[in-house]
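**Student:** The structure that follows is given in the form of structure tokens.
Number of protein chains: 2
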Amino acid sequence: MATHKDEKTESRIKLAAQKAFHKKGFDGARMQDIADSAGINKALLHYYFRSKDQLFHTIFQEALGKFFPIIIGVLESDMDVEAKIEKLVHTYIDHLTQNPMLASFIIHELNQNPERLKAFLIGKKVPKPEKFLQQIAIGVEQKQFMPIAPGQLLVSIVAQCIFPFMARPMVQFMLSLSDKDFDLFIEQRKKEITDLIIHGLTVRKS
Amino acid sequence: MATHKDEKTESRIKLAAQKAFHKKGFDGARMQDIADSAGINKALLHYYFRSKDQLFHTIFQEALGKFFPIIIGVLESDMDVEAKIEKLVHTYIDHLTQNPMLASFIIHELNQNPERLKAFLIGKKVPKPEKFLQQIAIGVEQKQFMPIAPGQLLVSIVAQCIFPFMARPMVQFMLSLSDKDFDLFIEQRKKEITDLIIHGLTVRKS
DNA sequence: GTTACATTTAACCAGTTAGTTAAACTAATT
DNA sequence: AATTAGTTTAACTAACTGGTTAAATGTAAC
């Protein structure tokens with residue numbers, strides 16, 4: 001297993017660390033567990049990442065890096081509002097399906113230490129969703145959309161996508177969903193959210 | 207300070223423990239900090255609550271006890287759908303305004319140990335939101351509401367209420383809200399959510 | 001004034017955990 | 001053959017943390 005400059009080891013460590021941190025959080029995760037899970041020993045773990053803080057930092061930055069570009073990329077594109085919302089919902093849900101603990105992890109660690117957000121943003125180009133917000137504002141002005149605050153709408157869309165992943169145990173209990181049911185629920189949800197939001201947004205003549 | 211069977215001490219401990227657990231989670235909270243924050247010493251803390259687990263259990267049960275009755279009480283009442291949704295949104299947001307970390311705390315700890323939910327439910331009467339779900343189903347059948355899965359609607363409502371509290375740092379950054387702005391945002395949100403949902407739900411003839 | 005409980009003090013124990021160290025081993029590089 | 005870097009082993013430390021203990025003190029009730 002001892003090969004020169006083995007990339008596998010580092011990525012195995014990162015995968016193991018991701019699993020541990022996402023599931024247990026910084027405080028709950030154990031370096032020994034991460035080493036075991038990566039199939040190496042503590043000494044080598046510290047050889048690659050000097051400290052738990054540094055390892056966590058790497059994982060957390062990566063998590064944030066996955067989260068922001070999605071939303072920003074879609075929101076700043078040239079689609080019209082309806083297409084943009086649909087795309088955003090689909091992208092978000094697909095991404096969270098593959099990283100179920102991602103949202104919960106970011107939220108928890110960000111609440112513990114909100115400064116991390118600013119630390120992350122330093123150096124990075126992090127455009128804000130101005131374009132989408134303006135599109136909504138214009139639609140409202142032209143009486144094409146119901147009078148809604150653009151920021152409120154954005155939060156509502158994101159909330160509906162992210163929440164069920166974070167509150168999975170509660171949702172499953174309240175709606176009596178098996179694990180299979182839950183997957184179905186999430187898949188259906190793409191259309192349900194899109195329809196509810198767009199229909200709620202659109203002005204219709206009575 | 208040493209009075210007979212002093213209730214103050216226990217409630218001071220519980221308040222301090224709540225603060226600590228809500229903010230740092232089980233793993234992050236320290237018994238020493240809780241004792242300090244309660245203005246007592248570790249020995250007395252263990253005199254009241256034998257262990258960290260027991261103290262946590264008390265706080266967690268209390269948190270869940272605050273969370274469920276709200277939603278169930280409203281959802282199983284006799285109001286019509288529109289009034290019910292409005293009431294639910296207002297009740298939730300008011301409650302979370304006074305306990306900003308409550309949702310984040312429950313979500314995090316429940317994800318770490320989903321069995322806690324079942325443990326909590328044992329012995330407690332925990333009705334499910336069947337009535338509300340049926341009201342929606344009937345409305346859909348009668349073409350009064352748009353064709354939506356009742357469970358999806360319920361999750362969407364709750365998501366929109368809870369999410370901004372959990373994701374506060376992110377929301378504040380993305381929308382450039384000061385702390386004051388955020389409070390305003392939340393207050394406005396009551397109407398925005400209610401309107402968006404009800405308008406999105408209602409069938410209108412074109 | 002004695003009893004009973006609440007509280008403090010301060011030291012202490014035992015287990016856990018992040019992180020270190022040094023020696024030996026492995027395999028590709030030169 | 002010598003070099004170099006990745007890796008293992010195993011023992012160790014230093015700090016932290018949950019929890020305990022025992023002795024002393026305070027305070028109200030009986």
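Protein chains in written order, with the working numbering: chain A, 1 to 206; chain B, 207 to 412. Note that CB positions come from ideal geometry on N, CA and C, so glycine has one too.
1) Which of helix, strand or coil does DSSP assign to residue 255 of chain B?
2) Can you find a CB in chain B that lies within less than 8 Å of the CB of residue 99 of chain A?
3) Please go through the same chain and pick out, in chain order, the residues whose beta-carbon is closer than 6 Å to the beta-carbon of residue 223 of chain B, but skip the five residues on each side of it.
4) Based on DSSP bridge pairs, tell me the residues matched to residue 351 of chain B.
5) Rounded to a whole number of angstroms, what is the C-alpha to C-alpha distance between residue 367 of chain B and residue 402 of chain B?
6) What's the C-alpha gap between residue 309 of chain B and residue 67 of chain A?
7) The alpha helix (DSSP H) with residue 19 of chain A in it runs from where to where?
8) Once DSSP output is grouped into helix, strand and coil, what is the label at residue 118 of chain A?
9) Excluding the 5 residues flanking residue 305 of chain B on each side, which residues of the same chain have their C-beta closer than 6 Å to its C-beta?
10) When you compare only the Cα positions, how much space is there between residue 210 of chain B and residue 235 of chain B?
11) Since residue 131 of chain A contacts residue 75 of chain A with CB under 8 Å, what's their CB separation in whole angstroms?
12) Take the Cβ of residue 71 of chain A as the centre, count every other Cβ of all protein chains shown within 10 Å, and call the residue buried at 16 or more, exposed below.
13) Does residue 139 of chain A pass the burial test, meaning 16 or more other C-beta atoms within 10 Å, or should it be called exposed?
14) Alpha carbon to alpha carbon, how far is residue 225 of chain B from residue 92 of chain A? Give it in angstroms, no decimals.
15) Nearest-angstrom Cα distance between residue 163 of chain A and residue 175 of chain A?
16) DSSP state of residue 285 of chain B, grouped into three classes?
17) Are residue 166 of chain A and residue 313 of chain B close, meaning C-beta to C-beta below 8 Å?
18) Does the separation of the CB atoms of residue 378 of chain B and residue 326 of chain B fall below 8 Å?
19) For residue 166 of chain A, go through chain B and note every residue whose CB falls closer than 8 Å to its CB, in chain order.
20) Cβ of residue 198 of chain A within 8 Å of Cβ of residue 85 of chain A?
21) Among A:181, A:147, A:187, which has the Cα closest to the Cα of residue 202 of chain A?
22) Once you ignore the five residues that flank residue 362 of chain B on each side, which residues in its own chain have a CB closer than 8 Å to its CB?
23) Any idea if residue 50 of chain A is buried or exposed, counting beta-carbon neighbours within 10 angstroms, 16 or more meaning buried?
24) Less than 7 Å between C-beta atoms, sequence neighbours within five positions excluded: which residues of the same chain meet that for residue 307 of chain B?
25) According to DSSP, is residue 245 of chain B part of a helix, a strand, or is it coil?
**Tutor:** Reading it off the structure:
1) coil
2) No, residue 99 of chain A lies away from the interface with chain B (no Cβ there is under 8 Å from its Cβ).
3) 240, 261, 265
4) B:408
5) 12 Å
6) 21 Å
7) 7-28
8) helix
9) none
10) Confidence at residue 210 of chain B is low in this model, with a pLDDT of 49, below 50, so the placement of that residue should be treated as unreliable; the coordinate-derived value is given next. Cα to Cα, residue 210 of chain B sits roughly 29 Å from residue 235 of chain B.
11) 6 Å
12) buried
13) buried
14) 32 Å
15) 15 Å
16) coil
17) yes
18) For residue 378 of chain B and residue 326 of chain B, no; Cβs fall outside 8 Å.
19) What residue 166 of chain A touches in chain B: 313, 317, 372.
20) yes
21) A:147
22) 403
23) With fewer than 16 Cβ atoms within 10 Å of its Cβ, residue 50 of chain A is classed as exposed.
24) 228, 229
25) Coil at residue 245 of chain B, not helix or strand.
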